[in-house]
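There are 2 protein chains.
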Amino acid sequence: MGGSLALALRHRGYAHRLFGAGGSPEDLRLAAAAEYPRGDGTAPIFDLCREDPAELPWAEVDLVVVATPPATLAEIFGQLREWISETCVVTDLASVKGDLVASGTALLGGRYLSAHPLVGGERHGFAAATAELYVDALILLTPGGEEVDPRALALQQLWEALGCRVRMLSPGEHDDALAATSHLPHLLAYAFMASLDDSDALRDLGGSGLRDFSRIAESDPALWTDILLRNREAVRRRLQTLRHTLDHLDGLLAQGSAAVLGDILATARARRQQFRFPPRT
Amino acid sequence: MGGSLALALRHRGYAHRLFGAGGSPEDLRLAAAAEYPRGDGTAPIFDLCREDPAELPWAEVDLVVVATPPATLAEIFGQLREWISETCVVTDLASVKGDLVASGTALLGGRYLSAHPLVGGERHGFAAATAELYVDALILLTPGGEEVDPRALALQQLWEALGCRVRMLSPGEHDDALAATSHLPHLLAYAFMASLDDSDALRDLGGSGLRDFSRIAESDPALWTDILLRNREAVRRRLQTLRHTLDHLDGLLAQGSAAVLGDILATARARRQQFRFPPRT
Numbered sequence: 001m002g003g004s005l006a007l008a009l010r011h012r013g014y015a016h017r018l019f020g021a022g023g024s025p026e027d028l029r030l031a032a033a034a035e036y037p038r039g040d041g042t043a044p045i046f047d048l049c050r051e052d053p054a055e056l057p058w059a060e061v062d063l064v065v066v067a068t069p070p071a072t073l074a075e076i077f078g079q080l081r082e083w084i085s086e087t088c089v090v091t092d093l094a095s096v097k098g099d100l101v102a103s104g105t106a107l108l109g110g111r112y113l114s115a116h117p118l119v120g121g122e123r124h125g126f127a128a129a130t131a132e133l134y135v136d137a138l139i140l141l142t143p144g145g146e147e148v149d150p151r152a153l154a155l156q157q158l159w160e161a162l163g164c165r166v167r168m169l170s171p172g173e174h175d176d177a178l179a180a181t182s183h184l185p186h187l188l189a190y191a192f193m194a195s196l197d198d199s200d201a202l203r204d205l206g207g208s209g210l211r212d213f214s215r216i217a218e219s220d221p222a223l224w225t226d227i228l229l230r231n232r233e234a235v236r237r238r239l240q241t242l243r244h245t246l247d248h249l250d251g252l253l254a255q256g257s258a259a260v261l262g263d264i265l266a267t268a269r270a271r272r273q274q275f276r277f278p279p280r281t
Numbered sequence: 001m002g003g004s005l006a007l008a009l010r011h012r013g014y015a016h017r018l019f020g021a022g023g024s025p026e027d028l029r030l031a032a033a034a035e036y037p038r039g040d041g042t043a044p045i046f047d048l049c050r051e052d053p054a055e056l057p058w059a060e061v062d063l064v065v066v067a068t069p070p071a072t073l074a075e076i077f078g079q080l081r082e083w084i085s086e087t088c089v090v091t092d093l094a095s096v097k098g099d100l101v102a103s104g105t106a107l108l109g110g111r112y113l114s115a116h117p118l119v120g121g122e123r124h125g126f127a128a129a130t131a132e133l134y135v136d137a138l139i140l141l142t143p144g145g146e147e148v149d150p151r152a153l154a155l156q157q158l159w160e161a162l163g164c165r166v167r168m169l170s171p172g173e174h175d176d177a178l179a180a181t182s183h184l185p186h187l188l189a190y191a192f193m194a195s196l197d198d199s200d201a202l203r204d205l206g207g208s209g210l211r212d213f214s215r216i217a218e219s220d221p222a223l224w225t226d227i228l229l230r231n232r233e234a235v236r237r238r239l240q241t242l243r244h245t246l247d248h249l250d251g252l253l254a255q256g257s258a259a260v261l262g263d264i265l266a267t268a269r270a271r272r273q274q275f276r277f278p279p280r281t
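Next comes the structure, spelled out in structure tokens:
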């Protein structure tokens, strides 16, 4: 997601200078070698890439996008406090907020504004980066307090300039909503695959329904273990409601209650039709 | 699925004459007006379409594909017995077999061989038909007994000629496997959507993960009520295993057991990677 943002910023001409740091050595090597437009040799995407972020020219930096897993962020914010200027804005792209916003705000004050772009897919790393990832995307910004620091509002304008829609909500609202729309679906897709028997007999028998339903079960297990645990209170609340629904459906199947079962399926379908999803790219 | 098969047969030149009957009046109107190649006016796809199937020239019919919901099939097989010749083969495309194969075999003997093409999507009707639906598809054939009647083997050859792979399994094996790979995922996607609160707040917050995970919750509720009830024994067994997995995961979330949780997610991911899915079209 960080690589895609770098590509989008370069593509739109919003990057005066772009610096890259951290990530896996392979990602950093790919990022350092990447050119814009890709492969024609005219210009590198990053003006400077360093394995050690301490080696970047911090006095020149106006915006830091920390595109790393949630577990790494608090420590990185602590480091950034030593390096960044008074006017530099810091953001992250984490899909769960938890204590993160409080810790970032405590360390960086009004220079910090946490973001969660509703984009993705199960592929990671710079090789999966694309300048189009954020087109028409919804970006959730989760301020740490009532007021958003004017410095951080530049971040909102930047996302809008990239063609995104922006919505503000509190970290708690974010985590409760995302437990429903992302974290519980991931847990269910993982649970479903884990519940299958380990025989070879089923492996040819998945159609397009199962293919799409279970795609997110190929997401990074370490990242998702962290996300689910960080948001476990909201996830467990949503899971509890779902388990009640499953108990109810199981009873209806046992009783052969076609009418009630049909009503629930029709309600579920109507609710799904009311969602607005990103187009398939 | 019936419309797509008609298109594929015409497209490959395997249809000497094609007759259509039944379906909704709108579908029948679309089918009767459809041309091949679509819209250039050279040839109709169907040589004859009739609302009442009794009006078709049954003496000429070599193959009957009954592409209607499972609940309608037993009655249709009973009617067909009055109309078809001794050499005419009958098949259906039902995604749950249950007592259907026994009833079809009792009524039609060796002329009947049930099929389940692992294709689909949540769109129905002739307007959604495409000649490419069955390319590279896996077709499950579920004979009613040990021996497949030589007449019915022509059906296997036809599917293979259309570019499909064919696998034989018993109706019970079929229903148990499909409970795992299709019926339970549908139940879960419906249950998930039904368990969400009915507020507007979540409707913008679904990303590509939820979009794909929940797509099958837009499937026809009446059809799926019927499928789930017809296969409820196998579905409830699979659901029971899943509920145990969810209970276990809930406990791990409560305890904060990152290591065990991570192992289960990694197992689920590995299992998903072993599946062979149809390509996204």
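So the sequences go chain by chain: L and E. Its first residue numbered 1, the first sequence is counted upward by one per residue in UniProt numbering. Its first residue numbered 1, the second sequence is counted upward by one per residue in UniProt numbering. All residues carry an ideal CB built from backbone N, CA and C; glycine is no exception.
Item, Value
"Using a cut-off of 7 Å between C-beta atoms, extract the partners of Pro278 of chain E located in chain L.", "Gly207, Ser208, Arg211"
"Only counting the same chain, and skipping five residues up and downstream in sequence, which positions put a Cβ closer than 7 Å to that of Val166 of chain E?", "Ile139, Leu141, Gln156, Trp159, Glu160"
"Are the segment 90 to 98 of chain E and the segment 217 to 231 of chain E touching, with three or more C-beta to C-beta distances below 8 Å?", "yes"
"Compute the distance between the beta-carbons of Glu35 of chain E and Pro44 of chain E, then report whether it is under 7 Å.", "yes"
"For the segment 134 to 176 of chain E, list the alpha helix (DSSP H) runs that are entirely contained and at least 4 residues long, ordered along the chain.", "150 to 161"
"Looking at the secondary structure, which residues open and close the beta strand (DSSP E) in which Ala21 of chain E lies?", "19 to 21"
"Going along the chain, which residues of the segment 183 to 194 of chain E sit with their C-beta nearer than 8 Å to a C-beta in chain L?", "Leu184, Pro185, His186, Leu187, Leu188, Ala189, Tyr190, Ala191, Phe192, Met193, Ala194"
"Quick check on the burial criterion: 16 or more other C-beta atoms within 10 angstroms. Buried or exposed for His183 of chain L?", "buried"
"Using a Cβ cut-off of 7 Å, which residues of the segment 261 to 273 of chain L contact any Cβ in chain E, in chain order?", "Leu261, Gly262, Ile264, Leu265, Ala266, Thr267, Ala268, Arg269, Arg271, Arg272, Gln273"
"Which runs of the beta strand (DSSP E) fall wholly inside the segment 79 to 109 of chain L and span at least 3 residues, in chain order?", "89 to 92"
"Quick one: what does DSSP say Pro185 of chain E is sitting in, helix, strand or coil?", "helix"
"Span of the alpha helix (DSSP H) holding Leu229 of chain E?", "221 to 230"
"For chain L, is any of its Cβ atoms less than 7 Å away from the one on Asp52 of chain E?", "no"
"I'd like to confirm the pairing. Which residues does DSSP put opposite Leu48 of chain L in its beta bridges?", "L:Phe19"
"Using 7 Å as the limit for Cβ to Cβ distance, is Ser214 of chain L near chain E?", "yes"
"What residue range is occupied by the uninterrupted alpha helix (DSSP H) comprising His11 of chain L?", "2 to 11"
"Among the residues of its own chain, which have a CB less than 8 Å from the CB of Gly104 of chain E, if the five just before and after it don't count?", "Leu73, Ala74, Phe77, Val90, Asp92, Tyr112, Ser114, Gly144"
"Quick check: what's the CA-CA separation for His222 of chain L versus Gly262 of chain E?", "The residue asked about is misnamed: residue 222 of chain L is Ala in this sequence, not His. Answer to the nearest angstrom: the Cα atoms are 6 Å apart."
"Opposite Ala127 of chain L in the DSSP bridges: which residues?", "DSSP lists no partner for Ala127 of chain L."
"Quick one: is Trp224 of chain L near chain E, going by C-beta distance under 7 Å?", "yes"
"Between Glu132 of chain E and the ligand ZN, is there a pair consisting of the residue's CB and a ligand heavy atom that are separated by less than 6 Å?", "Absence of the ligand ZN is noted for the structure shown, with no ligands found whatsoever."
"Are the CB atoms of Gly110 of chain E and Asp27 of chain E within a distance shorter than 7 Å?", "no"
"Let's see if you can read the secondary structure: which residues bound the beta strand (DSSP E) around Pro117 of chain L?", "114 to 117"
"If you drop the 5 nearest sequence neighbours on each side, which residues of the same chain put their C-beta closer than 6 Å to that of Leu7 of chain E?", "Ala129, Ala131"
"Starting from the C-beta of Met193 of chain E, find all residues in its chain whose C-beta is less than 7 Å away, skip the five residues before and the five after it, and write them out in chain order.", "Ser214, Ala217"
"Can you find a CB in chain L that lies within less than 7 Å of the CB of Gly256 of chain E?", "yes"
"By the 10 Å Cβ neighbour count, where 16 or more other Cβ atoms means buried, how is Asp176 of chain L classified, buried or exposed?", "buried"
"Of all the CB atoms in chain E, is at least one closer than 7 Å to the CB of Leu118 of chain L?", "yes"
"Using a C-beta cutoff of 7 Å, does Leu93 of chain E count as contacting chain L?", "no"
"Nearest to Leu133 of chain L by CA position, among E:Ser208, E:Arg276, E:Arg17, is which residue?", "E:Ser208"
"Counting only the same chain and skipping the five closest in sequence on each side, list residues whose C-beta sits under 7 Å from that of His186 of chain E.", "Ile216, Ser219, Trp224"
"Counting only C-beta atoms, is Arg203 of chain E closer than 7 Å to chain L at any point?", "yes"
"Looking at the structure shown, is Glu26 of chain L part of a helix, part of a strand, or coil, going by DSSP?", "helix"
"Run through DSSP, which three-state label would Tyr14 of chain L get?", "coil"
"Start and end of the alpha helix (DSSP H) containing Leu261 of chain E?", "258 to 274"
"Quick check on the burial criterion: 16 or more other C-beta atoms within 10 angstroms. Buried or exposed for Asp198 of chain E?", "exposed"
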